[in-house]
Amino acid sequence: MNNKPIGWNGKTLMKMLEESEKYIKETKSYYGIDKLKLKEEDPFEYERAFASLRGALVSARETALHVAASPIVKEIGELCFALYTPEGDSIVVSTGILVHVHTMSEAVKFMVKEDYEQDPGINPGDIFLNNDPECGNVHTTDVQTLIPIFWKEELIGWAGGVTHQIDSGGITPGHDLVAAIQRFDDGTYYTCRKIGSNDKIWKDHMINARRSVRTPFYWELDEKCRLAGDLMIRDAVLEFIEREGIEYYKQFIREVIEEGRRIFQERVKERLIPGRYRAAAFFDIPMKEEAWQPRAKIDKVSNQPLEIIIKNDGKMSLSFDGASGPGANPMNCAKGAMEGGQWVLLTQVLIYGDKVNDGAYFAVETDYPLGTWCNPGDSSLSYQSPWGNLIPAYTGMMKCLSYGLFSRGYREEIVPGYGFTGDAIQGGGIYSAGPLKGQRWSLSTFEISGQGLGASGVKDGLDWGYAMWNPEADLGDVETWELFQGGIPYLSRRVKPNTAGHGKYRGGANYEGVAMIANSKEVDFFGARDGYCFHGSGGMHGGYPHATGYRLYAKKTNIQEIIQNQKEYPLGDPDPSNGEFEKLLEGDIVRKKYCTIYPIILENNDIIYYALSGGPGYGDPLERKVESVKQDLNNGIYTNDLVYNIYGVVAEYDEEMGEWVIDKMGTDIRREEIRAERKDKSLTFDDYWEQERWKITEDMLSEPVKLMYSESLNLSTKWAKEFLEFWRLPEDFQLEVK
Amino acid sequence: MVKYDKKTLERMINGDLTWEELKPIISGTKDPDRFDKIIEILQEKVSWDEKIILPIHEHLYIVSKDDKRIVKCDCGYEYGDYKENWKKKCRINVRDTAEELEEFYPKYMASDPDWMELREYFCPGCFTLLDTEAVPPGYPTIFNFLPDIDAFYKEWLGRKAPDR
């Protein structure tokens, strides 16, 4: 219990937050700052001060992951740190998984609003832990450690660090669970809980935490990692104040955020065009066949419509009005997670370089409608895999911004979207033989950090190298994953043909992998990716969406016999209609059109397959340079049949030269044929409109599509009005959903 | 202040720059005269005389014609008022069967027609593919971008739009 307020000048933290919010509302600037006084008086000192704090944050991250960390954190840096104001606004950030910078901001605000100052108290040396999405997080797997920073008796900021856990004790092993349908399936919850004092984590917390997850060793390593980084930040801030003085610090942190806000607005005016931008993305949640729980047996498709308005003053507003509803599935996404996703992508498109902080957050007005998948407002729901909605939804934002970038002439900055960070294969088992017999291994390869990026307006997309949640995407070393996933050794990993979205500039491509279960028992396996729907909002200016995922595995195989006889085994699935699994393996081979599956039990010698995602394309494929298509063929990016169909390129493989040779005349003829086919097959808008409307009025829509429309129509008057007007349907129109 | 010559920018929009040439342009500070230079390049490329006010697509431009602002394709086809969705003048093909989707994607690697269809919007003049929409059947046609042209010129560039 604190008797004396710990905020500035005798105020409580709650009072400080109220004032901060009032200033933004009334003056539109952070804390009503109209002049960047410190910057104007001594810009060199100001920049030096910022660089010293930024350096301290980056240094904290780099050091902490070497102090103690789980494989994901150590190998690919799945962590980040940030420094916050007493009210919870980020001032300066480290590198890493920046999606969490703003989520931790929401966690601090939650503690302030819940008056933690009075109970349980905020004291020097206290340690708080949070992983609750409803008060500022993405999912329980992302665990945050927050410590207050005091100067004398005043709270002058917070240091926060977040790491991604391999397991958080949910209904099944894994970090992005498919089988969670309510909060109680999500794993252990720490809702902004005090877990230590005097810079020491309490023993009872660690005992509880170790017993709450399947990988206690990793959990403990990461607790130490986050606390180590936070303490380094606190030391750096206190040194800063010793050097610069407390009054400079207090003014500086507010000016830096206001500068971040102004930079964002200026960057918008530099690169975009005022106006209205729209896109729509979708994600399939096929649970009817998969779910164990009766009430979760529903096939859903999420409607993720996005409208961005860029105003005359450079201010941006962003709305998901019309979004469909949440459900008994793990893809529900809290508002704080949406804000984190929005912020991390804006750092990549508009605010990289300069003062990357919550200033950009204050420059954007957002509308995440309550009661929809992007702001359910119901803490009893599962929020275990919100990425399923969040990741595709923000492809729409990238596409909208790309329309503006194009018009402004900055075609090199265009990014119409990106691949889903999947196939997120997960699970684990127990070693049944070997030196680790009896110990658990976990499957959570972070190869998903390397997806295909969308094409730009001047070049192809990046192959196997992008993750939207981490501007420094890194898929790690396969040897490391093998070391920690020893029960499921790889049989192959290679480029998968036809994953890249078609276009004048193609989207990024990706690869596939095959692995087998060995020396193990009690193995669970599941995965998640787009399957029934193309991911996100598709291509741009005539580019196509990248290929979908699907599920393939084989049980009760003869792989041991194959190994003993040194016979050929499947190295992938380059042509799914003529599969290597079916040709080379004996056993029960399972193929599913969709990719998201509930956990299955695997046994030794069972074989799994996974394919990572490509990226969307840009521009009419008929305008792709023939030489580029030849390179695609030689690199195995596309196969000859599809190249003929979509790019109109006629090519033959020259066995002697070992490369594809283009028939230039044949290509010219084929391209003209395609143009003629387009003319013959296409409809006028009026005919197309009649045909599409007929699908609605004659009850031709599938149940998941009807459910999606029904939810959106009921959740948004505005969206419903536009839908009904577009199809000229009566005001009382309703879709019957079973 | 960063500047690129027209030839470099023309090579860039034609996709002819090497990665070594392109990388510094992506990484560096943006050139504030880019918009004007790109408009010059595009105006020289098109075969018609109407003044380009704003490029909105690889092939589509908002131009000034008879004191009206219309959308026009580089092939010469005119879509009418820019405030109306130009897609409503397109020719459209809807891939809503597995067979049609598998012309472009291997089996298992395209959407399921019960869940989603793939729409292709062509220019009625040159049959260039202008846009695709991967949406559930029955989804309203999306109006991608409606620019505020006068605010852009007047308030952001500090001058009148070319047709004002």
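Chain order of the listed sequences is Z and F.
This note's numbering applies: residue 1 is where the first sequence begins, and numbers increase by one.
This note's numbering applies: residue 1 is where the second sequence begins, and numbers increase by one.
Beta carbons: idealized from backbone N, C-alpha and C, even for Gly.
**Item:** Reduced DSSP secondary structure (H/G/I, E/B, other) of Ile171 (chain Z)
**Value:** Here the question's residue 171 (chain Z) lines up with position 171 in the first sequence. Looking at Ile171 (chain Z) - three-state DSSP - the assignment turns out to be coil, as it is neither helix nor strand.
**Asked** Is it right to say Asn14 (chain F) is buried, meaning 16 or more other beta carbons lie within 10 angstroms of its own, or is it exposed?
**Response** Locating residue 14 (chain F) in the second sequence gives position 14, counting from the first residue. With fewer than 16 Cβ atoms within 10 Å of its Cβ, Asn14 (chain F) is classed as exposed.
**Request:** Give the DSSP-derived three-state secondary structure of Phe283 (chain Z) in the structure shown.
**Result:** On the first sequence, residue 283 (chain Z) is found 283 positions in, with the first residue counted as 1. In this structure, Phe283 (chain Z) counts as strand in the three-state DSSP scheme.
**Message:** If I follow the unbroken alpha helix (DSSP H) through His102 (chain Z), where does it start and stop?
**Reply:** Here the question's residue 102 (chain Z) lines up with position 102 in the first sequence. That run of the alpha helix (DSSP H) goes Val99 to Lys113.
**Message:** For Asn9 (chain Z) and Gln144 (chain Z), what's the separation of their Cα atoms in angstroms?
**Reply:** In the first sequence, residue 9 (chain Z) corresponds to position 9, counting from 1. In the first sequence, residue 144 (chain Z) corresponds to position 144, counting from 1. Their backbone Cα atoms lie some 29 Å apart in a straight line.
**Message:** I'd like to know whether the C-beta atoms of Pro545 (chain Z) and Thr132 (chain F) end up nearer to each other than 9 Å.
**Reply:** In the first sequence, the residue the question calls residue 545 (chain Z) occupies position 545. In the second sequence, the residue the question calls residue 132 (chain F) occupies position 132. Taking 9 Å as the Cβ cut-off, Pro545 (chain Z) and Thr132 (chain F) qualify as a contacting pair.
**Item:** Inter-stretch contact (C-beta, 8 Å, three-pair minimum) for the segment 278-287 of chain Z and the segment 682-702 of chain Z
**Value:** no
**Message:** To be precise: take each residue of the segment 102-124 of chain F, compare its Cβ to all Cβ atoms of chain Z, and keep it if any distance is under 7 Å. Which residues remain?
**Reply:** Flagged, chain order: Glu103, Phe104, Tyr105, Pro106, Lys107, Tyr108, Met109, Ala110, Ser111, Asp112, Asp114, Trp115, Met116 and Phe122.
**Asked** Does any residue of chain Z bring its CB to less than 9 Å from the CB of Leu9 (chain F)?
**Response** By 1-based counting over the second sequence, the position of residue 9 (chain F) is 9. Interface residue, yes.
**Message:** Does the CB of Pro497 (chain Z) have a neighbour CB from chain F at under 9 Å?
**Reply:** By 1-based counting over the first sequence, the position of residue 497 (chain Z) is 497. Yes, because at least one Cβ of chain F sits closer than 9 Å to the Cβ of Pro497 (chain Z).
**Message:** Going by DSSP in three states, Asp732 (chain Z) sits in which element: helix, strand or coil?
**Reply:** Taking the first residue of the first sequence as position 1, residue 732 (chain Z) is located at position 732. Of the three classes helix, strand and coil, the one that applies to Asp732 (chain Z) here is coil, per DSSP.
**Request:** Give every residue of the same chain whose Cβ lies closer than 8 Å to the Cβ of Asp313 (chain Z), excluding the five residues on either side of it in the sequence, and list them in chain order.
**Result:** The residue given as residue 313 (chain Z) occupies position 313 in the first sequence. The residues are Gln265.
**Request:** Compare the C-alpha of Tyr598 (chain Z) against each of Z:Leu177, Z:Ser212, Z:Ala279 and Z:Arg262 and name the closest.
**Result:** Locating residue 598 (chain Z) in the first sequence gives position 598, counting from the first residue. For the residues Z:Leu177, Z:Ser212, Z:Ala279 and Z:Arg262, the minimum Cα distance to Tyr598 (chain Z) belongs to Z:Leu177.
**Prompt:** Helix, strand or coil for Glu153 (chain Z) per DSSP?
**Reply:** The residue you call residue 153 (chain Z) lines up with position 153 of the first sequence. In the displayed model, Glu153 (chain Z) falls within coil according to three-state DSSP, outside both helix and strand.
**Asked** Listed from N- to C-terminal order along the chain, which residues in the segment 269-292 of chain Z have their beta-carbon within a distance smaller than 8 Å of any beta-carbon of chain F?
**Response** Lys269, Glu270, Arg271, Ile273, Pro274, Gly275, Arg276, Tyr277, Arg278, Ala279, Ala280, Phe282 and Asp284
**Asked** What are the residues that DSSP puts in a beta bridge with Ser402 (chain Z)?
**Response** Against the first sequence, residue 402 (chain Z) aligns to sequence position 402. Bridge partners of Ser402 (chain Z): none, in fact.
**Asked** Less than 9 Å separating the beta-carbons of Phe145 (chain F) and Arg278 (chain Z)?
**Response** Working through the second sequence from its first residue, we reach residue 145 (chain F) at position 145. Working through the first sequence from its first residue, we reach residue 278 (chain Z) at position 278. Yes, the pair counts as a contact, with Cβ atoms nearer than the cut-off.
**Request:** Could you tell me which chain F residues have their CB closer than 8 Å to the CB of Val514 (chain Z), listed as they occur along the chain?
**Result:** Walking along the first sequence from the start, residue 514 (chain Z) turns up at place 514. The contacting residues do not exist; Val514 (chain Z) stays about 16 Å from chain F at best.
**Message:** If distances are taken between C-alpha atoms only, which option among Z:Ile559, Z:Tyr116 and Z:Gln564 comes closest to Asp588 (chain Z)?
**Reply:** Numbered from its first residue, the first sequence carries residue 588 (chain Z) at position 588. Closest option to Asp588 (chain Z), Cα to Cα, is Z:Ile559.
**Request:** For Cys225 (chain Z), name the three-state secondary structure that DSSP assigns.
**Result:** To locate residue 225 (chain Z), count along the first sequence from 1; it is residue 225. Note: Cys225 (chain Z) maps to helix in three-state DSSP.
**Asked** What do you get for Ile745 (chain Z), buried or exposed, if any count of 16 or more other CB atoms within 10 angstroms of its CB means buried?
**Response** No answer is possible for residue 745 (chain Z): it lies beyond the span of chain Z, which begins at 1 and ends at 738.
**Request:** Closer than 7 Å by beta-carbon distance: list the chain F residues that pair up with Pro416 (chain Z), in chain order.
**Result:** Translated into positions along the first sequence, residue 416 (chain Z) becomes position 416. Correct list: empty, because the minimum Cβ distance to chain F is about 11 Å.
**Item:** Candidates Z:Ala323, Z:Asp606 and Z:Trp469: closest to Ala337 (chain Z) by CA position
**Value:** Position 337 of the first sequence holds residue 337 (chain Z). Of the candidates Z:Ala323, Z:Asp606 and Z:Trp469, the one whose C-alpha sits nearest the C-alpha of Ala337 (chain Z) is Z:Trp469.
**Asked** Which chain Z residues are close to Pro140 (chain F), counting only those with a beta carbon under 8 Å from its beta carbon?
**Response** Here residue 140 (chain F) refers to the residue found at position 140 when the second sequence is read from its first residue. Result: Glu722, Phe723, Phe726 and Trp727.
**Request:** Check whether the Cβ of Asp524 (chain Z) lies closer than 9 Å to any Cβ atom in chain F.
**Result:** Along the first sequence, read from residue 1 onward, the residue named residue 524 (chain Z) stands at position 524. So, not an interface residue.
**Request:** Give the DSSP-derived three-state secondary structure of Ile310 (chain Z) in the structure shown.
**Result:** As a first step, residue 310 (chain Z) is located in the first sequence; it is residue number 310 there, counting from the start. DSSP places Ile310 (chain Z) in strand when its eight states are reduced to three.
**Asked** What is the DSSP secondary structure of Lys28 (chain Z), reduced to helix, strand or coil?
**Response** Position 28 of the first sequence, counting from 1, holds the residue named residue 28 (chain Z). Lys28 (chain Z) falls in the coil class under three-state DSSP.
**Asked** Can you give the Cα-Cα distance for Met331 (chain Z) and Cys533 (chain Z), rounded to whole angstroms?
**Response** Numbered from its first residue, the first sequence carries residue 331 (chain Z) at position 331. Numbered from its first residue, the first sequence carries residue 533 (chain Z) at position 533. Each residue's Cα considered, the two are about 15 Å apart.
**Asked** Looking at C-alpha atoms only, which residue of F:Phe143, F:Asp163 and F:Leu157 is the closest neighbour of Glu270 (chain Z)?
**Response** In the first sequence, the residue the question calls residue 270 (chain Z) occupies position 270. With distances taken between Cα atoms, Glu270 (chain Z) lies closest to F:Leu157.
**Request:** Give me the Cβ distance between Gly157 (chain Z) and Val237 (chain Z), rounded to the nearest whole Å; I'm assuming they're in contact under 8 Å.
**Result:** Taking the first sequence and counting its residues from 1, the one referred to as residue 157 (chain Z) is at position 157. Taking the first sequence and counting its residues from 1, the one referred to as residue 237 (chain Z) is at position 237. Rounded, the Cβ-Cβ distance is 6 Å, consistent with contact.
**Request:** Measure from the alpha carbon of Lys250 (chain Z) to the alpha carbon of each residue in Z:Leu129, Z:Cys333, Z:Pro71 and Z:Tyr84, then state which is nearest.
**Result:** As a first step, residue 250 (chain Z) must be located in the first sequence, where it is residue number 250. It is Z:Tyr84 whose Cα lies nearest to the Cα of Lys250 (chain Z).
**Asked** How about Tyr550 (chain Z) and Tyr594 (chain Z): are their beta carbons less than 9 Å apart?
**Response** For the purposes of this step, residue 550 (chain Z) is identified with residue 550 of the first sequence, where counting begins at 1. For the purposes of this step, residue 594 (chain Z) is identified with residue 594 of the first sequence, where counting begins at 1. A contact, by the Cβ cut-off of 9 Å.
**Item:** Rounded straight-line distance, which links the Cα of Ile52 (chain F) to that of Leu17 (chain F)
**Value:** Taking the first residue of the second sequence as 1, we reach residue 17 (chain F) at position 17. Taking the first residue of the second sequence as 1, we reach residue 52 (chain F) at position 52. About 25 Å.
**Asked** Counting only runs that start and end within the segment 3-64 of chain F, where is the beta strand (DSSP E) found for 3 or more residues in a row?
**Response** 51-55
**Item:** Check whether Val495 (chain Z) and Glu512 (chain Z) have beta carbons under 9 Å apart
**Value:** On the first sequence, position 495 is the one that residue 495 (chain Z) refers to. On the first sequence, position 512 is the one that residue 512 (chain Z) refers to. Closer than 9 Å, so yes.
**Prompt:** Which residues mark the beginning and the end of the alpha helix (DSSP H) in which Met206 (chain Z) is found?
**Reply:** Taking the first sequence and counting its residues from 1, the one referred to as residue 206 (chain Z) is at position 206. Looking at the DSSP string, the run of the alpha helix (DSSP H) that includes Met206 (chain Z) is Lys203 to Ser212.
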